[in-house]
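Using mature numbering (1 follows the signal peptide of the UniProt record, and there is no 0), the letters of the sequence shown map in sequence onto residues -28 to -1, 1 to 180. Don't be surprised by glycine CBs; every beta carbon is placed ideally from N, CA and C.
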Amino acid sequence: MKKPSRRTAVVLGAAAAAFGIAVAPASAVPSTVWTVTPSPAAYTAANSGNIVLTANIPMTCTTSAASGTMQSATGNPATVASIDAVTFGSSAAPCTSVLGNVTTVATPPWTVVGEDYAAGVTTGYVGNVNAKVTAGACVFTVTGKASATYTNSTGILAVNSVSGDLAVASASGCGTVVTTSTKPTFKGNYAVKVSGTSTIPTIVGSNP
């Protein structure tokens, strides 16, 4: 019997795909075991570049810091770290906006949650975000989560929230600039180290 030519095989494959009957590559299996090294371990994090909260107007911080504990975990999603303290700005370098200096008071704990892992990068989000922001007479509270990645080779927690991750739970004195319909974004990088050392912690996701 004559074997199908390569051209015939390509044509048949294209036809099958057109009718939606091609077999797609298997999706990656989500990680359910998260190995943090060292674990448990206290960590500190400092901003690498500006931290920007935008709620219709950008509010920029040139200094920000966080601390907490990292630990191995199971499940998906899984909490691989707690953020027990986080600060934005300082008396010497306050956060700024067109409305004036900005004061942000966080209500911890926040969390770092892993959802996916590939090639040394954990994808997930910073959860349980809750912070009161004051810019001039405008006061509002931000809640929700912020999409993020953590890269083992650099120790950078990159927060890069998208519209809809965060919400304004309440607002006063802001007029129409910030309302409960506003969808804030939170963006910036943090360099993470094991407390008191120069060691970069690692997070590895797997599905044994």
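Counting only the Cα atoms, Pro2 lies some 26 Å from Lys165. Under DSSP, the beta-bridge partners assigned to Asp88 are Thr95. Lys159 carries a strand assignment under DSSP once its states are collapsed to helix, strand and coil. Using a Cβ-Cβ distance cut-off of 8 Å, the region 114 to 123 and the region 35 to 42 are not in contact, since fewer than three pairs of beta carbons, one from each stretch, lie closer than that value.
Fully contained in the region 42 to 73 are the following beta strand (DSSP E) runs of length 3 or more, in chain order: 50 to 60, 67 to 69. Put simply, the backbone Cα of Gly86 is about 26 Å away from that of Ala27. Pairing Lys117 with Val101 gives a Cβ-Cβ distance under 7 Å. When the five nearest sequence neighbours on each side are left out, the beta carbons in the same chain lying within less than 6 Å of the beta carbon of Ala141 are those of Thr113, Thr115, in order along the chain.
According to the DSSP assignment, Cys146 belongs to no beta strand (DSSP E), since it is labelled neither H nor E. Within the same chain, Cβ atoms closer than 7 Å to the Cβ of Thr154 are found at Ala27, Asn28, Val140, the five residues on either side in sequence being excluded. Residues Met31, Cys33, Phe60, Gly61, Val74 of the same chain have their beta carbon placed closer than 6 Å to that of Cys67, with the five preceding and five following residues left out of the count. Of Thr9, Ser54, Ala107, Lys159, the smallest CA-CA separation from Val149 is found for Ala107. Excluding sequence positions up to five before and after Gly127, its CB lies within less than 8 Å of the CB of Ala163, Val164, Lys165, Ile172, Pro173, all in the same chain and listed in chain order. Annotation for Ser135: Lys155, Thr157 place their beta carbon closer than 7 Å to its own, counting only its chain and skipping 5 residues before and after.
In terms of Cβ geometry, Ala103 and Gly145 do not form a close pair [threshold 7 Å].
Checking the DSSP bridge columns, you'll see Ser36 partnered with Phe60.
Taken through DSSP and simplified to helix, strand or coil, Val164 comes out as strand.
For Asn132, the enclosing beta strand (DSSP E) stretches over residues 128 to 132.
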